[in-house]
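Trainee:
There are 2 protein chains.
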Amino acid sequence: MDAAQFRRLGHALVDWIADYREGVAGRPVMSPVAPGEIKAKLPSAPPEHGGGADELIARLVADVMPGITHWNHPAFFAYFPSVSSYASILGDLACAGLGVQGMSWQTSPAATEIEEVMMDWLRQMVGLSAAWTGVIQDTASTATLSALICAREKLSDFSPAGLQRAGGPLTVYASSEAHSSIEKAVRLAGLGKAHLRAIPTDARRAMRVDALDQAIASDLAAGMRPCAVVATTGTTNTTAFDPLDAIAEVAERRALWLHVDAAMAGTAMILPECRALWHGIERADSLVWNPHKWLGVGFDLSAYYCRDPQHLIRVMGTNPAVLRTQQDGEVSNFRDWHIQLGRRFRALKLWFHLMDQGVEGIRARLRRDLGNAQWLAGQVEAAPDWQVVAPVALQTVCVRHIPAHLAEPELSAHNLAIARRINEGGRAYLTPSLLDGKQMLRVSIGAERTEREHVAALWAALREAAAAV
Amino acid sequence: MDAAQFRRLGHALVDWIADYREGVAGRPVMSPVAPGEIKAKLPSAPPEHGGGADELIARLVADVMPGITHWNHPAFFAYFPSVSSYASILGDLACAGLGVQGMSWQTSPAATEIEEVMMDWLRQMVGLSAAWTGVIQDTASTATLSALICAREKLSDFSPAGLQRAGGPLTVYASSEAHSSIEKAVRLAGLGKAHLRAIPTDARRAMRVDALDQAIASDLAAGMRPCAVVATTGTTNTTAFDPLDAIAEVAERRALWLHVDAAMAGTAMILPECRALWHGIERADSLVWNPHKWLGVGFDLSAYYCRDPQHLIRVMGTNPAVLRTQQDGEVSNFRDWHIQLGRRFRALKLWFHLMDQGVEGIRARLRRDLGNAQWLAGQVEAAPDWQVVAPVALQTVCVRHIPAHLAEPELSAHNLAIARRINEGGRAYLTPSLLDGKQMLRVSIGAERTEREHVAALWAALREAAAAV
Chain A
928 MDAAQFRRLG
938 HALVDWIADY
948 REGVAGRPVM
958 SPVAPGEIKA
968 KLPSAPPEHG
978 GGADELIARL
988 VADVMPGITH
998 WNHPAFFAYF
1008 PSVSSYASIL
1018 GDLACAGLGV
1028 QGMSWQTSPA
1038 ATEIEEVMMD
1048 WLRQMVGLSA
1058 AWTGVIQDTA
1068 STATLSALIC
1078 AREKLSDFSP
1088 AGLQRAGGPL
1098 TVYASSEAHS
1108 SIEKAVRLAG
1118 LGKAHLRAIP
1128 TDARRAMRVD
1138 ALDQAIASDL
1148 AAGMRPCAVV
1158 ATTGTTNTTA
1168 FDPLDAIAEV
1178 AERRALWLHV
1188 DAAMAGTAMI
1198 LPECRALWHG
1208 IERADSLVWN
1218 PHKWLGVGFD
1228 LSAYYCRDPQ
1238 HLIRVMGTNP
1248 AVLRTQQDGE
1258 VSNFRDWHIQ
1268 LGRRFRALKL
1278 WFHLMDQGVE
1288 GIRARLRRDL
1298 GNAQWLAGQV
1308 EAAPDWQVVA
1318 PVALQTVCVR
1328 HIPAHLAEPE
1338 LSAHNLAIAR
1348 RINEGGRAYL
1358 TPSLLDGKQM
1368 LRVSIGAERT
1378 EREHVAALWA
1388 ALREAAAAV
Chain B
928 MDAAQFRRLG
938 HALVDWIADY
948 REGVAGRPVM
958 SPVAPGEIKA
968 KLPSAPPEHG
978 GGADELIARL
988 VADVMPGITH
998 WNHPAFFAYF
1008 PSVSSYASIL
1018 GDLACAGLGV
1028 QGMSWQTSPA
1038 ATEIEEVMMD
1048 WLRQMVGLSA
1058 AWTGVIQDTA
1068 STATLSALIC
1078 AREKLSDFSP
1088 AGLQRAGGPL
1098 TVYASSEAHS
1108 SIEKAVRLAG
1118 LGKAHLRAIP
1128 TDARRAMRVD
1138 ALDQAIASDL
1148 AAGMRPCAVV
1158 ATTGTTNTTA
1168 FDPLDAIAEV
1178 AERRALWLHV
1188 DAAMAGTAMI
1198 LPECRALWHG
1208 IERADSLVWN
1218 PHKWLGVGFD
1228 LSAYYCRDPQ
1238 HLIRVMGTNP
1248 AVLRTQQDGE
1258 VSNFRDWHIQ
1268 LGRRFRALKL
1278 WFHLMDQGVE
1288 GIRARLRRDL
1298 GNAQWLAGQV
1308 EAAPDWQVVA
1318 PVALQTVCVR
1328 HIPAHLAEPE
1338 LSAHNLAIAR
1348 RINEGGRAYL
1358 TPSLLDGKQM
1368 LRVSIGAERT
1378 EREHVAALWA
1388 ALREAAAAV
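Line order of the protein sequences matches chains A and B.
Residue numbering for the first sequence follows this note's numbering, starting at 928 and increasing by one per position.
Residue numbering for the second sequence follows this note's numbering, starting at 928 and increasing by one per position.
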């Protein structure tokens, strides 16, 4: 492809993306294809000869689009808001066009320094103190794994034998509502899933601090070495908030690392009225928040903040001859701040997004979504045979249809059937999930184009589906 | 930003990227800025008000470009070729524009199935058998960490206590020339850096298999449990090739996991004439290769192949209620194939690149680069006071200037001074590195626009610099 063809195809692709985004509401939200259907469209062997680029958009339309579930659809209520603004798309395009590596400062100083500025801007936006230092990671799963490894190395004082030496086993604590990435991180870090304690929660599904303290005490009595507690600021299932300040008190008294998983809800802290929900955050050791969710920056861009970057660098750093540069010691070489060595210039899309929307634009959108969630919760609570099954702290509304003639397990089957009818109908997409082992309907509001009318249409669709199944 | 502004700015950015790429040869390769210079250009606080998008390109030019080291410059000879073709850029743009999550099959079936096809195409391109199954990871560092965790779990049979239980320590083996990511992975996996054995190499800097076998035997005698060997197919420093077939024989006999790091050199295996270099590959358990290097796909796109995906899934899988879908069991949910949960639609850029260049186009470019490396090595060997200090297996040429009047340590200082003069001069960029503790000049050839004339200009610049310092 030469420059002329790139310009021509690039313009056409930009226009195609704009057409797609503007027309996305007319598509079924969840892809209706069957397993294997997309695969069957492609040749079984790679093309020996090139020159097929003029067909790119035609191939996208014919081979890819039937297999797309539309995360930017206004009726996307599944999983989490994965907003990616037009400005963020341009940031990704600029990143790809420059094609530089930000592994060391020298390999493109702007990639490092603009990231430093962006992480400082984000810090200010959510009201964190200047005691925090941030770095862009790819996902919260990776950031939480990094945090637990940092906690492990702190307690073991960088034992050259790793975990393979004498001494009581390290234990980790998180609530029973914590994200699956925490158990995965405990396993991957070699700590053993038997050493993760699932602390029970209260009626609001927040970690019970008394139970945490008891679990630590009994582990100490049994010769274990309590290592880290992961508190969740906005659980995935119901957006529950663990009481950070009280957990921090325990963590400090017991000398545990406190990691905070604010993957989804960190964005809410841009709103001063939400910050009480993470009161105590300044007492944590590390924090992960995903601007690639509700904030509006395209995936992937996870913000990892820590209070002791030198410890992080000691855990993650390497120093082979081939990577040494003249500026080592006076600059940040972000390759030493996470698992990966190579790194994209991800700060660009965040910068473009913030320049375009400003903090006030983002605040307005978040408040719109919070208002829509409260509206939906009010509708559900006022309707006979419907129930809001968890507190609505932010933009996630967990509901159940509970007609009097059904009991478990039929009630769970009935709610799962509602979810499938909605999702397969194509007019909306939500996530069926479990609460206390019972099926419920989880509505996550916050796609960029989701307005009140779309939430109202979902509510109508839910009632229709409940009557039909 | 509305659609009209996106179209306008998108077209302008596409044109700007084309202008940048076409004119990149006129820029200094390595950014000349001083630490802090880019950071000082940006406001210290985020913008309260938006609307700044019309300035995006102006900001790129003024604030970013002075801090860019140009990896697509024809005189980029540092680190590794990080080719990102025009077609790959369009793939990244399409990925960002669609903005979907490929964590589960259902969240966009095309993201999963096109990835499956692309990984199969790549497998065929390098001549691997159908016994391998691939998944896209972000980097080789992450993939190698995944492989070592898989090896660890296999040997410990998924002990719920992780590494924190009785039994001799697990040990890992790699050559003394192996990449720093292997030591990092050993540390992060909790195995302890004291349990990584650096196996000595032969004159070609390939792992000595006799020394490997001896190291395993003495570890066994000392009560250790040998777990994995990492063989390198093309080391970072000198592109040395460990003897895979002989290592595989040891690994099989001793029941060790064999992971192959072919991050850079995997691409060479597209050329049938190079495949003898990884003879024995079919006996390995896992393999990482970075198409985001020499193949031409923009960073990040690392290909991880394994022979037992069910084992990988057992290591990496989770099954929370919120992620269950109707298709579980009949499809691949790639979230269970690596550390991360979320994932971008990275297969698009690979597909676009292959459609555009075809396998024959890629082969021609690789052979051009191999020819240029041999040409440079010939020039250096024929010149008085210059030396090629490692075998030139592929596109990396390691050289030293060794004027008779200098001895160590002055000789090392002299060669480092040559590198700095070249890099600071802006006409080329190479990586100074160490070989046996002595400074050398590492020339990695393979940027997309690097032709013979650019290699000849580098050779002239090296001789000039050697005379001047």
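For glycine and all other residues, C-beta sits at the position ideal for the given N, C-alpha and C.
No experiment lies behind these values; they were computed from the predicted model shown.
Give every residue of the same chain whose Cβ lies closer than 7 angstroms to the Cβ of G1150/A, excluding the five residues on either side of it in the sequence, and list them in chain order.
Mentor: As a position in the first sequence, residue 1150/A is number 223, starting the count at 1. Once the five neighbours on either side are set aside, the close Cβ partners of G1150/A are G1095.
Trainee: On the CB-based measure, 16 or more other CB atoms within 10 Å of its CB, does E1335/B come out buried or exposed?
Mentor: Along the second sequence, read from residue 1 onward, the residue named residue 1335/B stands at position 408. So E1335/B counts as exposed.
Trainee: Whole angstroms are fine: how far does the CA of V960/A sit from the CA of T1159/B?
Mentor: In the second sequence, residue 1159/B corresponds to position 232, counting from 1. In the first sequence, residue 960/A corresponds to position 33, counting from 1. Answer to the nearest angstrom: the Cα atoms are 41 angstroms apart.
Trainee: At a CB-CB cut-off below 9 angstroms, which residues of chain B make contact with S1213/A?
Mentor: On the first sequence, position 286 is the one that residue 1213/A refers to. Going along chain B, no residue has its Cβ under 9 angstroms from S1213/A, so there is no contact; the nearest lies around 16 angstroms.
Trainee: Provide the residue(s) that pair with Q1314/A in DSSP beta bridges, ordered along the chain.
Mentor: Taking the first residue of the first sequence as position 1, residue 1314/A is located at position 387. Paired residues: R1327/A.
Trainee: If you draw a straight line from the alpha carbon of A1155/B to that of E1080/B, how long is it in whole angstroms?
Mentor: Working through the second sequence from its first residue, we reach residue 1155/B at position 228. Working through the second sequence from its first residue, we reach residue 1080/B at position 153. If you take the alpha carbons of A1155/B and E1080/B, they lie about 11 angstroms apart.
Trainee: Going along chain B in order, which residues have a C-beta closer than 8 angstroms to the C-beta of F1279/A?
Mentor: Taking the first residue of the first sequence as position 1, residue 1279/A is located at position 352. In chain order: A980 and L983.
Trainee: Where do the N-terminal and C-terminal ends of the alpha helix (DSSP H) with L1357/A fall, by residue?
Mentor: Locating residue 1357/A in the first sequence gives position 430, where the first residue counts as 1. Segment Y1356 to L1362 is the beta strand (DSSP E) holding L1357/A; no alpha helix (DSSP H) there.
Trainee: Give me the Cα-Cα distance between I965/B and P973/B, rounded to the nearest whole angstrom.
Mentor: Here residue 965/B refers to the residue found at position 38 when the second sequence is read from its first residue. Here residue 973/B refers to the residue found at position 46 when the second sequence is read from its first residue. C-alpha separation (whole angstroms): 16 angstroms.
Trainee: Give me the Cα-Cα distance between R1271/A and L1147/A, rounded to the nearest whole angstrom.
Mentor: Here residue 1271/A refers to the residue found at position 344 of the first sequence. Here residue 1147/A refers to the residue found at position 220 of the first sequence. Distance between the alpha carbons of R1271/A and L1147/A: 43 angstroms.
Trainee: In the DSSP assignment, the beta strand (DSSP E) including Y1006/A goes from what residue to what residue?
Mentor: Position 79 of the first sequence holds residue 1006/A. Segment: none, Y1006/A is in no beta strand (DSSP E) and carries neither H nor E.
Trainee: So is N1397/A buried or exposed if we call it buried at 16+ other beta carbons inside 10 Å?
Mentor: Because chain A spans 928 through 1396 in this model, residue 1397/A falls outside it and cannot be assessed.
Trainee: Does the segment 1217-1237 of chain A come close enough to the segment 1058-1077 of chain A to have 3 or more Cβ pairs within less than 8 angstroms?
Mentor: Yes, since at least three Cβ pairs between the segment 1217-1237 of chain A and the segment 1058-1077 of chain A fall closer than 8 angstroms, the two stretches touch.
Trainee: What residues in the segment 1032-1065 of chain B bring their beta carbon closer than 9 angstroms to a beta carbon of chain A?
Mentor: Listed in sequence order: W1032, Q1033, T1034, S1035, P1036, A1037, A1038, T1039, E1040, I1041, E1043, V1044, M1045, D1047, W1048, L1049, Q1051, M1052 and D1065.
Trainee: By Cβ distance, which residues of its chain are closer than 6 angstroms to S1035/B, with the 5 residues on each side in sequence left out?
Mentor: The residue you call residue 1035/B lines up with position 108 of the second sequence. Hits under 6 angstroms: V1027 and G1029.
Trainee: May I have the straight-line CA-CA distance separating A1310/B from K1120/B, to the nearest angstrom?
Mentor: Start at 1 with the first residue of the second sequence, and residue 1310/B comes out as number 383. Start at 1 with the first residue of the second sequence, and residue 1120/B comes out as number 193. Their backbone Cα atoms lie some 43 angstroms apart in a straight line.
Trainee: Does chain A have any CB closer than 9 angstroms to the CB of P1359/B?
Mentor: In the second sequence, residue 1359/B corresponds to position 432, counting from 1. Chain A contact via Cβ: present.
Trainee: Skipping 5 residues on each side, what residues in its chain have a beta carbon closer than 6 angstroms to that of R1210/A?
Mentor: By one-based count along the first sequence, residue 1210/A stands at place 283. Cβ within range, chain order: A1175.
Trainee: Below 8 angstroms, how does it come out for the segment 1176-1190 of chain B and the segment 1237-1252 of chain B: are there three or more Cβ pairs, yes or no?
Mentor: Contact between the segment 1176-1190 of chain B and the segment 1237-1252 of chain B is absent, because fewer than three Cβ pairs lie under 8 angstroms.
Trainee: Would you call the CB atoms of V1010/A and K1220/A closer than 9 angstroms?
Mentor: For the purposes of this step, residue 1010/A is taken as residue 83 along the first sequence, with counting starting at 1. For the purposes of this step, residue 1220/A is taken as residue 293 along the first sequence, with counting starting at 1. In this structure, K1220/A lies closer than 9 angstroms to V1010/A by Cβ.
Trainee: In chain order, what residues of the segment 1256-1289 of chain B put their CB closer than 7 angstroms to some CB of chain A?
Mentor: From the segment 1256-1289 of chain B, only E1257, V1258, I1266, Q1267, L1268, G1269, R1271, F1279, L1281, M1282, D1283, Q1284, G1285, V1286, E1287 and G1288 have a Cβ closer than 7 angstroms to chain A.
Trainee: Within this structure, are the beta carbons of M1134/A and D1169/A separated by less than 9 angstroms?
Mentor: Position 207 of the first sequence, counted from the start, is the residue given in the question as residue 1134/A. Position 242 of the first sequence, counted from the start, is the residue given in the question as residue 1169/A. A contact, by the Cβ cut-off of 9 angstroms.
Trainee: So, using beta-carbon positions, are G994/B and I1197/A closer together than 9 angstroms?
Mentor: Position 67 of the second sequence, counted from the start, is the residue given in the question as residue 994/B. Position 270 of the first sequence, counted from the start, is the residue given in the question as residue 1197/A. Not in contact: G994/B and I1197/A (Cβ atoms no closer than 9 angstroms).
Trainee: Since T1252/A and S1031/A are thought to touch, with beta carbons under 8 angstroms apart, how far apart are those beta carbons, to the nearest angstrom?
Mentor: For the purposes of this step, residue 1252/A is identified with residue 325 of the first sequence, where counting begins at 1. For the purposes of this step, residue 1031/A is identified with residue 104 of the first sequence, where counting begins at 1. T1252/A to S1031/A, Cβ: 6 angstroms. Contact.
Trainee: Per the DSSP calculation, F1168/B is bridged to which residue(s)?
Mentor: Position 241 of the second sequence, counting from 1, holds the residue named residue 1168/B. Its beta-bridge partners are T1160/B.
Trainee: Would you please verify whether the beta carbon of S1015/A is less than 9 angstroms from any beta carbon of chain B?
Mentor: Position 88 of the first sequence, counted from the first residue, corresponds to residue 1015/A. Yes - at least one Cβ of chain B is within 9 angstroms of the one on S1015/A.
Trainee: On a CA-only basis, which of V1396/A, D1129/A and F1004/A is nearest R1376/A? Give me that one, please.
Mentor: Here residue 1376/A refers to the residue found at position 449 of the first sequence. Checked all of V1396/A, D1129/A and F1004/A; the closest Cα to R1376/A is F1004/A.
Trainee: At a CB distance below 9 angstroms, what residues from the segment 1065-1080 of chain B approach chain A? Give them in sequence order.
Mentor: Against chain A - using a Cβ distance shorter than 9 angstroms - the residues of the segment 1065-1080 of chain B are D1065, T1066, A1067, S1068, T1069, L1072, S1073, I1076, R1079 and E1080.
Trainee: Count the other CB atoms within 10 Å of the CB of D1296/B; is the residue buried (16 or more) or exposed (fewer)?
Mentor: Counting from 1 along the second sequence, the entry for residue 1296/B is found at position 369. That one is buried.
Trainee: Any C-beta of chain B sitting closer than 9 angstroms to the C-beta of E1209/A?
Mentor: Numbered from 1 along the first sequence, position 282 holds the residue referred to as residue 1209/A. Chain B contact via Cβ: absent.
Trainee: State yes or no: is the C-beta of G937/A within less than 9 angstroms of the C-beta of I1016/B?
Mentor: Walking along the first sequence from the start, residue 937/A turns up at place 10. Walking along the second sequence from the start, residue 1016/B turns up at place 89. Result yes, Cβ atoms of G937/A and I1016/B sit closer than 9 angstroms.
Trainee: With DSSP as the reference, please indicate the residues paired to Q1366/B in a beta bridge.
Mentor: Your numbering for residue 1366/B matches position 439 in the second sequence. In DSSP, Q1366/B forms a bridge with L1361/B.
Trainee: Please state if the CB of V1177/A and the CB of S1430/A are separated by a distance shorter than 9 angstroms.
Mentor: Nothing about residue 1430/A can be read from this structure; chain A reaches only from 928 to 1396.
Trainee: Can you confirm whether S1107/B, when its beta carbon is compared against all beta carbons of chain A, has any partner nearer than 9 angstroms?
Mentor: Position 180 of the second sequence, counting from 1, holds the residue named residue 1107/B. Yes, S1107/B lies at the interface with chain A (some Cβ there is under 9 angstroms from its Cβ).
Trainee: Under 8 angstroms Cβ to Cβ from V1286/B, same chain only, skipping five residues before and after it: list those, please.
Mentor: Indexing the second sequence from 1 puts residue 1286/B at position 359. Answer for V1286/B: M1052 and I1197, listed in chain order.
Trainee: What is the DSSP secondary structure of I1076/B, reduced to helix, strand or coil?
Mentor: Taking the second sequence and counting its residues from 1, the one referred to as residue 1076/B is at position 149. Of the three classes helix, strand and coil, the one that applies to I1076/B here is helix, per DSSP.
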